[in-house]
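S.K.:
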Amino acid sequence: MPKVVFREDRCKSCGQCVIACPVNIIGFTDRLNEKGYRPAGIPAELMEKCIGCTSCGRMCPDLVITVYK
Amino acid sequence: MSEKVLMKGNEAIGEAAIRANCKCFFGYPITPQTEVAAYMAKKMPTIGRVFLQAESEIAAINMIYGAAGTGVRCMTSSSSPGISLKAEGISYIAGAELPCVIINIVRGGPGLGGIQPAQSDYFQATKGGAHGDFHMPVYAPSSVQEMVDYIQEAFDVADAYRTPVMIMGDGMLGQMMEPVEFKELKSERVLPEKTWAANGRMGREHHNVINSLFLKTEALEEHNNHLGRKYDAIKKNEVKYELMNTEDAELILVAYGTTARICKNVIKLAKEKGVNLGLIRPITLWPYPQEAFDLTIGNTKHGYLAVEMSMGQMVEDVRLSVEGRKPVHFYGRSGGMIPTPDEILVKAMEIVGGNK
Amino acid sequence: MEVKDRPILFKPTKGMLDVPTHYCPGCTHGVIHRLIGEVMEELDIIDKTIGVAPVGCSVLAYDYFACDMFEAAHGRAPAVATGIKRANPDKIVFTYQGDGDLAAIGTAEGVHAAARGEQIVTIFVNNCIYGMTGGQMAPTTLPGQKTETSPYGRDVATAGYPIRFSEMLAQLDGSYYIERVSVDKVAGVAKTKKAIKKAFQNAIDGKGFNMVEVLSICPTNWGLNTEESLNWLRESMIPYYPLGVKKDLSKEEAK
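Chains as they are written, first to last, in this note's numbering: chain A, -18 to 50; chain B, 158 to 513; chain C, 145 to 399.
1. Check whether the region 347 to 362 of chain C and the region 322 to 332 of chain C touch, using three or more Cβ-Cβ pairs below 8 angstroms as the test.
2. For my contact list, C:Val333 and A:Met40 are in at a C-beta cut-off of 8 angstroms; report their separation, rounded to the angstrom.
3. Using 9 angstroms as the limit for Cβ to Cβ distance, is C:Ile236 near chain A?
4. Report the option in B:His486, B:Ala311, B:Leu242, B:Ala406 whose CA atom is closest to the CA atom of B:Ile215.
5. Please identify, using Cβ separations under 9 angstroms, the residues of the region 17 to 50 of chain A that lie next to chain C, in order along the chain.
6. Tell whether a beta-carbon distance below 9 angstroms holds between B:Ser237 and B:Arg206.
7. For the 8 angstroms Cβ check, are there 3 or more pairs between the region 383 to 401 of chain B and the region 279 to 293 of chain B?
8. At which residue ranges does the region 387 to 461 of chain B contain complete alpha helix (DSSP H) runs of 4 or more residues, listed in the order of the chain?
9. What are the complete alpha helix (DSSP H) segments, minimum 4 residues, inside the region 166 to 238 of chain B?
10. Would the beta-carbon of C:Ile267 fall within 9 angstroms of that of C:Pro283?
11. Going by beta-carbon coordinates alone, are B:Ala224 and C:Ala231 separated by less than 9 angstroms?
12. Out of B:Asn456, B:Pro274, B:Asn368, B:Thr415, state which residue places its alpha-carbon closest to the alpha-carbon of B:Pro439.
13. Under DSSP, the alpha helix (DSSP H) around C:Gly174 begins and ends at which residues?
14. Hey, would you say A:Asp(-10) sits closer than 9 angstroms to A:Lys30, going by beta carbons?
15. I'd like the span of the alpha helix (DSSP H) that includes B:His486, first residue to last.
16. I need the DSSP call for C:Ile348, collapsed to helix, strand or coil.
17. Does the count of Cβ pairs from the region 308 to 323 of chain B and the region 23 to 38 of chain A closer than 8 angstroms reach three?
18. Under a Cβ-count criterion, where at least 16 other Cβ atoms within 10 Å of its own Cβ denotes burial, should A:Asp43 be classed as buried or exposed?
19. How would you label C:Lys342, buried or exposed, when you count the other beta carbons within 10 angstroms and need 16 or more for buried?
20. Would you mind reading off the limits of the alpha helix (DSSP H) that contains C:Asp392?
21. So which residues of chain B does C:Cys211 contact, with C-beta pairs closer than 7 angstroms?
22. Under the criterion of a Cβ to heavy atom distance below 8 angstroms, does C:Phe353 qualify as lining the ligand COA?
23. Under three-state DSSP, which class holds C:Met355?
24. I'd like the list of long-range same chain contacts for B:Leu255, defined as Cβ closer than 6 angstroms, with 5 residues on each side in sequence excluded.
25. Between which two residues does the beta strand (DSSP E) holding C:Arg324 run?
26. Would you say C:Asn232 lies against chain B (beta-carbon separation less than 9 angstroms)?
27. Should B:Asn178 be flagged as near chain C, meaning a C-beta pair shorter than 9 angstroms?
28. If the criterion is Cβ atoms closer than 9 angstroms, does the pair B:Asn261 and B:Ser234 meet it?
29. Would you mind stating whether A:Gly(-4) and C:Pro169 have Cβ atoms separated by less than 9 angstroms?
30. Note down, in chain order, every chain B residue with its Cβ under 7 angstroms from the Cβ of C:Tyr95.
31. What is the rounded straight-line gap between the Cα of B:Asp327 and the Cα of B:Gln276?
32. Quick one: what does DSSP say A:Gly8 is sitting in, helix, strand or coil?
33. Examine chain B for any beta-carbon lying closer than 9 angstroms to the beta-carbon of C:Ile152, and answer yes or no.
34. Residues of chain C with a CB under 7 angstroms from the CB of B:Glu350: which are they?
35. Is any beta-carbon of chain A found at less than 9 angstroms from that of C:Tyr167?
36. Count the other C-beta atoms from every protein chain shown that fall within 10 angstroms of the C-beta of C:Ile152, then say buried if there are 16 or more, exposed otherwise.
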């Protein structure tokens, strides 16, 4: 299954990826990064629902996301 | 041994730039320097170089910023109101430390002013001329030959110090025709390689950025200090002036450009009347030849008479250089009126004869 | 298999330097920058491209792109780009400008670069407001839109009408390719990338003037969150600034 990796220190919690995800598996984690933002992420149990469309990566303004096959 | 050709000042400027390897010319028509653009329009395409008439003087100076930032020799030309338009661009060029040559063929001002010669852009040229702490070397030729010689110098000084350089003539110099020799000018300068140019990475390990923005205060202060050190070096190495008959002059005229030529005649006329006048002719207006005053201050009984085609701009630098040690006088004409040798002589005689 | 050894479907582009940006959360400058970076990488032109940054929120763009960059005075980028390109015809040159930079102070420079058919790419980011200075009215601000300098809503009686810059430049014979796109959704982002790629390819092929106007959001100065901003773009901006190709001389040439 595809895997999405978020570079949490770069995330600004803008929510573009959350809005873009067609299977609604992206949310905000409960961590705070160094800048005080709550980084986006996919809960482990939802990762299997990822369809590898890369919409999240395409809407991210901050180079946070890498999508692996 | 090159031959002499009769050339109009504005056209000689163009030819000199071409011989100094100017690759790009961006300009805009404005009286009395339009012939520079016309000459370049005709010549540059025939030798595979770039001529472009910009939509405004603002656009032209920004095209210069672009070409200069890629390490290419380039020049623009304008006159007083057009130089005002370029002010922002000149500040950016100075801040980003880009080499280029700017020709100002001065006309009467302020505002739309007139189209006849003037020297009323002295403040603008020598005191930075735009926002921020910066200077640029300013050359004031007083003949078409000098204009030609100093253009080569200007391109080299621009490259050596990474600075815009201005050549300031007046409408007379631009329009007059004089015999000119394009000498094979051999420069002693070692010009540094332009490793800073943003002309495409082409495998370079890091990207280059042409920029004058330094948001961090420490960085901007350091940048200004760096520019200051550069200007100190230019002041130390690049001052140029001519002294004529100053060894025991009763009064020393101070004039540049066309006015200096007229003053040379005044000296001859004064000699016929038994009066010894001298002349300091600044060739670099910035850096101003303060040392010429230190050299002559002891000799001159009545001090200095600044003669300008303005309401009195360079005279302030004369006062600064003299530092109150001797009297400083001023004679000027404006509006495009060119002072005659006779009227200058009258003023000089007033000062010398009347024991003021 | 280790994650990092798996084939990659999407990753940050080499066309951008790997540094954090100062843009607000959700600001689509980051997206548009990335698309330009991806296009440069895919066309293999990072090394021969020179970009010109504007004055505006993206004034620091010169710190984000991997190619050589210039910072230009406000509005002057097309003139700077002209100087760069004319002096270096073999290089690819683009400008990146906001609505103040191109449609206000830089109108003359933009119009004339297009009229001359400069073989450059202009990326015009239109968010109907002046972001960097805190949300003032732009030439693209919509009638009735509230900004810091139109606090009662833009009144066309005193402030006039917004400018549709793409349509305006498309009138000029020197314009080669002009398209308006939007980054309000994934499909729009894909179209935007395609348009940017087309523009850069044109520049590589010596064709110009090329412009891609990208409708963009400004959550901070619109006072909306990301989702609300994307909706406002769709509902208010797109009707005034219709998407689509405004000029494409390659179609003429194909005939």
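Where a beta carbon is used, it is the ideal one built from N, C-alpha and C, also for glycine.
Fair warning: this is a prediction, and the values are worked out from it, not measured in the lab.
M.R.: This is what the structure holds:
1. yes
2. One-based indexing of the third sequence puts residue 333 of chain C at position 189. One-based indexing of the first sequence puts residue 40 of chain A at position 59. 6 angstroms between Cβ atoms; contact.
3. As a first step, residue 236 of chain C is located in the third sequence; it is residue number 92 there, counting from the start. C:Ile236 does not count as touching chain A.
4. Looking up residue 215 of chain B in the second sequence gives position 58. That would be B:Leu242, whose Cα lies nearest to the Cα of B:Ile215.
5. Tyr18, Gly33, Cys34, Thr35, Ser36, Cys37, Gly38, Arg39, Met40, Cys41, Pro42, Asp43, Leu44, Val45, Ile46, Thr47, Val48, Tyr49, Lys50
6. Residue 237 of chain B sits at position 80 when you count from the first residue of the second sequence. Residue 206 of chain B sits at position 49 when you count from the first residue of the second sequence. Not a contact, by the Cβ cut-off of 9 angstroms.
7. yes
8. 414 to 429, 447 to 453
9. 166 to 176, 191 to 200, 214 to 226
10. Translated into the one-based positions of the third sequence, residue 267 of chain C becomes position 123. Translated into the one-based positions of the third sequence, residue 283 of chain C becomes position 139. For C:Ile267 and C:Pro283, no; Cβs fall outside 9 angstroms.
11. As a position in the second sequence, residue 224 of chain B is number 67, starting the count at 1. As a position in the third sequence, residue 231 of chain C is number 87, starting the count at 1. Yes, these two residues count as a Cβ contact at 9 angstroms.
12. Residue numbering aside, residue 439 of chain B sits at position 282 when the second sequence is read from its first letter. Checking every option, the nearest Cα to that of B:Pro439 belongs to B:Thr415.
13. The residue given as residue 174 of chain C occupies position 30 in the third sequence. Its alpha helix (DSSP H) spans residues 173 to 186.
14. Locating residue -10 of chain A in the first sequence gives position 9, where the first residue counts as 1. Locating residue 30 of chain A in the first sequence gives position 49, where the first residue counts as 1. Result no, Cβ atoms of A:Asp(-10) and A:Lys30 do not sit closer than 9 angstroms.
15. Within the second sequence, the letter at position 329 stands for residue 486 of chain B. B:His486 -> not in any alpha helix (DSSP H); beta strand (DSSP E) instead, spanning 485 to 489.
16. Here residue 348 of chain C is taken as the residue at index 204 of the third sequence, counted from 1. The answer is helix: DSSP assigns C:Ile348 an H, G or I state.
17. no
18. Residue mapping note: residue 43 of chain A aligns to position 62 of the first sequence, counting from 1. With 16 or more Cβ atoms within 10 Å of its Cβ, A:Asp43 is classed as buried.
19. The count along the third sequence starts at 1 and reaches residue 342 of chain C at position 198. So C:Lys342 counts as buried.
20. Counting from 1 along the third sequence, the entry for residue 392 of chain C is found at position 248. Here C:Asp392 belongs to no alpha helix (DSSP H); instead the beta strand (DSSP E) covers 388 to 392.
21. Taking the third sequence and counting its residues from 1, the one referred to as residue 211 of chain C is at position 67. Here the neighbours are Arg358, His364.
22. You won't find the ligand COA in this model; it holds no ligand whatsoever.
23. Residue 355 of chain C sits at position 211 when you count from the first residue of the third sequence. C:Met355 falls in the strand class under three-state DSSP.
24. Taking the second sequence and counting its residues from 1, one reaches residue 255 of chain B at position 98. Here the set comprises Ala225, Gly226.
25. Indexing the third sequence from 1 puts residue 324 of chain C at position 180. Unbroken beta strand (DSSP E) run through C:Arg324: 321 to 326.
26. One-based indexing of the third sequence puts residue 232 of chain C at position 88. Contacts with chain B at 9 angstroms (Cβ-Cβ) include C:Asn232.
27. Here residue 178 of chain B refers to the residue found at position 21 of the second sequence. No, because no Cβ of chain C sits closer than 9 angstroms to the Cβ of B:Asn178.
28. Working through the second sequence from its first residue, we reach residue 261 of chain B at position 104. Working through the second sequence from its first residue, we reach residue 234 of chain B at position 77. In contact: B:Asn261 and B:Ser234 (Cβ atoms closer than 9 angstroms).
29. For the purposes of this step, residue -4 of chain A is taken as the residue at position 15 of the first sequence. For the purposes of this step, residue 169 of chain C is taken as the residue at position 25 of the third sequence. Contact flag set, yes.
30. No answer is possible for residue 95 of chain C: it lies beyond the span of chain C, which begins at 145 and ends at 399.
31. What you label residue 327 of chain B is simply residue 170 of the second sequence in a count that begins at 1. What you label residue 276 of chain B is simply residue 119 of the second sequence in a count that begins at 1. Roughly 7 angstroms separates the two Cα atoms.
32. Numbered from its first residue, the first sequence carries residue 8 of chain A at position 27. Of the three classes helix, strand and coil, the one that applies to A:Gly8 here is strand, per DSSP.
33. For the purposes of this step, residue 152 of chain C is taken as the residue at position 8 of the third sequence. Taking Cβ atoms only, chain B never reaches closer than 9 angstroms to C:Ile152, which makes this a no.
34. On the second sequence, position 193 is the one that residue 350 of chain B refers to. Against chain C, the beta carbon of B:Glu350 has no neighbour under 7 angstroms; the closest one sits roughly 16 angstroms away.
35. The residue you call residue 167 of chain C lines up with position 23 of the third sequence. Yes, its Cβ sits closer than 9 angstroms to a Cβ of chain A.
36. Numbered from its first residue, the third sequence carries residue 152 of chain C at position 8. Burial call: exposed.
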